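Undergrad: Each protein sequence line maps, in turn, to chains A, B and C. Under my numbering, residues 28 to 260 are what the first sequence spells out, in order. Under my numbering, residues 16 to 273 are what the second sequence spells out, in order. Under my numbering, residues 42 to 126 are what the third sequence spells out, in order.
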Amino acid sequence: MSDPRAQAPLLPFLSASLRRQVLLAYRRPVDTVNPLLFFLLVVTLFPLGIGPDPAQLQKFAPGILWIVALLASLMAAEGMFRSDYDDGSLEQLLLSPQPLYLSSLGYVFAHWLLTGLPLTLVAPLFAVMLQLPAPAIPTLLVSMALGTAVLSLIGSIGAALTVSLKRGGMLISLIIMPFYIPVLIFGSSAVRYATLGNDPLPQLLLIAGMLSLSIALAPFAIAAGLRLSVDAG
Amino acid sequence: MWSFFHKLGSPPWMYRISGSILTWLLPLTLLMLVSGSIWGLLYAPADFRQGNSFRIIYFHVPASVVALAGYYVMASAGAVSLIWKMKMAEVAMKCCAPVGAAFTFLGLLSGAVWGKPTWGTWWVWDARITSMLILFFLYLGVIALYQAFENKTAAAKACAVLSLVGTVNIPIIYKSVDWWYSLHQPATIKFTEESTMDSAMLQPLLLMIVAFYCLFACSLLLNMRGELLRQGARTNWVRELVSGGKVEKSTRGEPDVL
Amino acid sequence: MYFDSVGAALAMDGHGVYVWFIVIVSWALIGSLLVLPILSGRRFLLQQQGLLRREQRAADTAAQREQSQQQQQQSGQEEGHAPGS
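Structure, rendered in structure tokens:
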């Protein structure tokens with residue numbers, strides 16, 4: 028007797044789910060644009076706060092870029108499952124035959140395509156505004172591409188745990204922030220190394236390692252979080 | 016053997032047994048704390064480099080050690096509650112959080128105050144203190160997450176998941192903070208050089224560490240007792256207790272959960 | 042004792058303020074970690090006792106009312122029986 032669950036076609040489901048997420052985001056561009064605007068605004072604030080001296084800005088640029096990307100990621104993670112929770116599609120997802128582990132991964136991947144990836148692509152522009160030297164830009168791109176993916180995965184755990192709460196707000200920041208710290212440390216360090224002309228490969232490899240670990244383990248936590256949130260609501 | 020686990024899940028049994036444990040554990044803990052404090056503060060030799068301010072170690076290190084261990088206790092209780100769906104484990108996990116947070120706070124405060132006479136500043140972003148600050152956030156996150164849920168079953172599950180995620184991340188966080196600190200401050204002198212500590216200084220420290228572990232256990236049991244009472248407000252055993260009777264021995268035929 | 046006098050122990054070569062501050066805070070924390078749960082448990086038991094007493098009183102008055110109602114019914118029935126129905 029073959030298990031109907033095993034027969035459920037996975038790839039079409041994931042691609043359909045991905046297409047749905049992208050379509051929804053396209054219909055509501057504000058969700059995608061908000062984190063980018065936030066990035067721009069805060070990057071503008073830093074020179075105004077610490078002074079326009081290029082040498083000083085250059086020294087702080089890796090940290091500033093990474094911190095702001097982190098905050099923008101946090102902002103984007105918050106509402107990740109909310110609309111689907113509110114209209115019941117999340118419950119449908121839980122009832123579907125596809126393993127929740129993989130559906131969660133699909134969700135996070137779509138989320139990263141719509142938040143982390145745009146942040147990464149836009150970062151070089153802000154890097155220039157903060158006087159980051161050109162040789163460091165490729166490192167910035169790689170570290171952000173990998174790092175924002177980790178941030179998306181971790182942020183989704185927080186989003187899954189808090190989706191049923193009415194006033195999530197600061198809560199997701201509090202519970203997720205500690206887990207963001209290693210990514211911040213190695214991400215900004217990689218860019219700083221590149222700025223000084225050193226090889227940032229160890230840091231990038233570490234971020235890649237964190238990414239692998241997150242891809243493997245985070246969906247368990249996300250699935251558990253989604254289940255308990257749907258049961259609680 | 017399984018009857019032990021069955022009993023472990025029974026609130027009146029836990030209430031009774033924790034009461035009997037506390038009758039000897041509590042005085043023992045206080046004795047160790049008092050003697051350890053007096054020994055360390057007044058009888059142990061001073062550090063030749065730091066002088067007498069190093070005596071803060073007798074509170075700082077035990078608090079920090081127990082703070083970290085407490086998180087693992089909390090996460091283990093969370094894991095047990097998820098895997099075996101034990102209500103008692105949920106209660107244990109919920110009670111660990113504020114106790115652990117208190118120890119972390121003491122570790123942070125003592126670390127900061129220690130820094131003033133030793134390094135001249137109230138706060139130093141060294142690896143240990145920074146890691147402890149992050150641990151404090153981890154505890155606060157669990158506490159806040161529990162409070163945020165109205166449905167307490169969901170709250171316990173969410174906190175269990177969060178504690179487990181924290182468990183996986185703590186080694187990563189500690190290692191990255193270590194690395195981050197070594198990167199920016201090559202010439203570091205640790206606050207405590209345990210490897211070169213004189214035994215006269217080490218012995219009271221070990222006593223205080225054991226004492227703090229026992230203190231954690233006492234506080235955890237006391238908090239669990241209170242929580243078991245609150246959760247079982249409508250059950251027979253609590254009603255008996257309220258009307259002045261003692262918690263009865265028989266737990267088999269009794270509805271411990273309503 | 043390591044120190045020559047109580048005064049020396051309090052001063053600790055200038056570090057006394059810091060050390061004793063932490064000692065006081067630590068002991069305050071130890072105290073609250075042990076005392077607060079006990080107090081809250083005791084408060085809960087007292088609260089529940091009050092609740093129980095109130096429930097008992099309400100049950101007693103309800104029982105009394107039922108009893109007097111029954112008595113009234115009985116006497117009413119006796120009166121009703123006499124003329125026959």
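The C-beta atom is built at its ideal place from N, Cα and C for all residues, glycine as well. Quick caveat, the model's predicted, so the values are computed rather than measured.
Taking 8 Å as the cut-off, decide whether the C-beta atoms of residue 216(A) and residue 230(A) are in contact.
TA: yes
Undergrad: Out of curiosity, what's the CA-to-CA distance linking residue 261(A) and residue 163(A)?
TA: Residue 261(A) lies beyond the range of chain A shown here (28 to 260); nothing can be said about it.
Undergrad: For residue 20(B), return the contacting residues in chain A, with the cut-off set at a CB-CB distance below 8 Å.
TA: What residue 20(B) touches in chain A, judged by beta-carbon distance under 8 Å, is nothing: the nearest beta carbon there is about 23 Å away.
Undergrad: By how many angstroms is the C-alpha of residue 63(B) removed from the C-alpha of residue 209(B)?
TA: Interpretation of residue 209(B) is limited by its pLDDT of 47, a score under 50 that renders its predicted location unreliable; the figure taken from the coordinates is listed afterwards. The alpha-carbon of residue 209(B) is positioned some 14 Å away from that of residue 63(B).
Undergrad: With three or more C-beta pairs closer than 8 Å as the rule, is the segment 122-131 of chain B touching the segment 37-45 of chain B?
TA: no
Undergrad: Starting from residue 241(B), find everything on chain C with Cβ-Cβ shorter than 7 Å and list it in chain order.
TA: 78, 81, 82 and 85
Undergrad: Could you please give the first and the last residue of the uninterrupted alpha helix (DSSP H) stretch that includes residue 111(A)?
TA: 109-113
Undergrad: Cβ atoms of residue 147(A) and residue 59(A): under 8 Å apart, would you say?
TA: no
Undergrad: Using Cβ-Cβ distances below 8 Å, what residues of the segment 226-256 of chain B are close to chain C?
TA: 230, 233, 234, 237, 238, 240, 241, 244, 245, 248, 253, 254 and 256
Undergrad: Closer than 9 Å, Cβ to Cβ, to anything on chain C: give me those residues from the segment 32-65 of chain B, in chain order.
TA: Cβ proximity to chain C below 9 Å picks out 41, 44, 45, 48, 52, 56, 57, 58, 59, 60, 61 and 65 from the segment 32-65 of chain B.
Undergrad: Within the segment 127-165 of chain A, note down every full alpha helix (DSSP H) run reaching 4 residues or more, in order along the chain.
TA: 127-141 and 143-156
Undergrad: Please state the DSSP three-state secondary structure of residue 182(A).
TA: helix
Undergrad: Taking the alpha-carbon of residue 192(A) as reference, which of 49(A), 112(A) and 212(A) has the nearest alpha-carbon?
TA: 112(A)
Undergrad: Step through the CB atoms of chain C and report whether any lies within less than 8 Å of the CB of residue 151(B).
TA: It does not; no Cβ of chain C falls within 8 Å.
Undergrad: Count the other CB atoms, across all protein chains shown, that sit within 10 Å of the CB of residue 93(C); report buried if there are 16 or more and exposed otherwise.
TA: exposed
Undergrad: Please go through the same chain and pick out, in chain order, the residues whose beta-carbon is closer than 6 Å to the beta-carbon of residue 146(B), but skip the five residues on each side of it.
TA: 189 and 192
Undergrad: Using a C-beta to C-beta distance shorter than 8 Å, which residues of chain B count as neighbours of residue 252(A)?
TA: 173 and 176
Undergrad: To the nearest angstrom, how far is it from the Cα of residue 225(B) to the Cα of residue 100(A)?
TA: 43 Å
Undergrad: Per DSSP, what kind of secondary structure is residue 258(A) in: helix, strand or coil?
TA: In the structure shown, residue 258(A) sits in a helix (DSSP, three-state: H, G or I).
Undergrad: Using beta-carbon positions only, say whether residue 56(B) and residue 172(B) come within less than 8 Å of one another.
TA: no
Undergrad: Please return the same chain residues whose Cβ sits closer than 7 Å to the Cβ of residue 237(A), not counting the five positions on each side in sequence.
TA: Taken in chain order, the residues that qualify are 177, 209 and 210.
Undergrad: Under DSSP, the alpha helix (DSSP H) around residue 42(C) begins and ends at which residues?
TA: Premise fails: residue 42(C) is in no alpha helix (DSSP H) and is neither H nor E.
Undergrad: If you measure from the beta carbon of residue 195(B) to each beta carbon in chain A, is any gap under 8 Å?
TA: yes
Undergrad: Within 10 Å of its beta-carbon, does residue 45(C) have 16 or more other beta-carbons around it, so buried, or fewer, so exposed?
TA: exposed
Undergrad: If the criterion is Cβ atoms closer than 8 Å, does the pair residue 111(B) and residue 235(B) meet it?
TA: yes
Undergrad: For the segment 155-167 of chain B against the segment 129-145 of chain B, are there 3 or more C-beta pairs whose distance is under 8 Å?
TA: no
Undergrad: Determine, using beta carbons only, whether residue 245(B) and residue 85(C) come nearer to each other than 8 Å.
TA: The Cβ atoms of residue 245(B) and residue 85(C) lie closer than 8 Å to each other.
Undergrad: On a CA-only basis, which of 196(B), 130(B) and 87(B) is nearest residue 71(B)? Give me that one, please.
TA: 130(B)
Undergrad: How long is the line joining the alpha carbons of residue 145(A) and residue 248(A), rounded to whole angstroms?
TA: 26 Å
Undergrad: Please list the terminal residues of the continuous alpha helix (DSSP H) segment that includes residue 47(A).
TA: 37-54
Undergrad: For residue 154(B), report the span of its alpha helix (DSSP H) as first-last.
TA: 142-163
Undergrad: Distance, Cα to Cα, residue 76(A) vs residue 91(A)?
TA: 12 Å
Undergrad: So, with DSSP's three-state summary, where would you put residue 80(A)?
TA: Per DSSP, reduced to three states, the secondary structure at residue 80(A) is coil, with no helix or strand assignment.
Undergrad: List the residues of chain C whose Cβ lies closer than 7 Å to the Cβ of residue 132(B), in chain order.
TA: Below the 7 Å Cβ cutoff, chain C contributes 56 and 59 as neighbours of residue 132(B), in chain order.
Undergrad: Cutting at 7 Å between CB atoms, please list the residues of its own chain near residue 174(A), excluding the five before and the five after it.
TA: 210, 214 and 234
Undergrad: Among the residues of its own chain, which have a CB less than 8 Å from the CB of residue 101(B), if the five just before and after it don't count?
TA: 23, 24 and 95
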